[in-house]
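Q: All the letters of the sequence shown, read from the start, carry residue numbers 2 to 140 under the working numbering.
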Amino acid sequence: MPVKQLLAALFLFSLTAAGSAGEAEIKAAQSTIDNQLKAFLADDGALAYSFAAPSIRRIFPSVDSFMGMVTNGYMPVRRPQSYVFGRSEEIGAGRIAQQVFVVGPDGKEYEALYTLERQPDGRFLITGCSLRASNSLST
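1) Within this structure, are the beta carbons of T116 and S56 separated by less than 7 angstroms?
2) Distance check for G93 and A40, CA to CA, integer angstroms please.
3) So for G87, helix, strand or coil by DSSP?
4) For Q120, I'd like the list of residues in its chain whose CB is within less than 6 angstroms of its CB, leaving aside the five on either flank, ordered along the chain.
5) Grab the span of the alpha helix (DSSP H) containing R50 for me, first residue to last.
6) Counting Cβ pairs closer than 8 angstroms, one from the stretch 70 to 84 and one from the stretch 100 to 116, do we hit at least three?
7) Using the Cα positions of G105 and I97, report the straight-line distance between them to the nearest angstrom.
8) Skipping 5 residues on each side, what residues in its chain have a beta carbon closer than 7 angstroms to that of S135?
9) Return the chain-ordered list of same chain residues with a C-beta closer than 6 angstroms to the C-beta of R133, the five sequence neighbours on each side being excluded.
10) Curious, which full-length beta strand (DSSP E) runs of at least 3 residues does the stretch 95 to 125 contain?
11) CA-CA distance, E91 and E26?
12) Helix, strand or coil for S131 per DSSP?
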């Protein structure tokens, strides 16, 4: 009987440990997004750019080109009045999709869907962001 209890305890522990690892990854991804949004608000383009994954840096090889793209196409995340994290999902090994509800500088509500990927150094960096108008905050 003690062997069965030990095996059951080990099984439950493994489930808990796996869940915790997912939670830790999600918190790390959310921290990356939060830090980038704070950098945008502080007009620190270099810091904001540091949270972009290499695939984004290849498309926008300088801070100026990156910030130009964000300013011209992503003003709600460039200058959010407020934001709150929504659903998170692991979409592959070391990859996370994170929903963020944003109130833009125009006072309108938006939904941003970020994708992030774990880098060889363990950090999560942003691989993409899609943005759309949302009524989700008005319930």
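Cβ coordinates follow ideal geometry from the N, Cα and C atoms, glycine included.
A: Taking the coordinates as given:
1) no
2) 28 angstroms
3) Note: G87 maps to strand in three-state DSSP.
4) L126
5) Before going further, note that residue 50 is Tyr rather than Arg in the sequence given. Taken as a continuous stretch (DSSP letters only), the alpha helix (DSSP H) holding Y50 covers 46 to 50.
6) The stretch 70 to 84 vs the stretch 100 to 116: in contact.
7) 24 angstroms
8) F102, E110, Y111, E112
9) E112
10) 96 to 104, 110 to 119
11) 9 angstroms
12) Note: S131 maps to strand in three-state DSSP.
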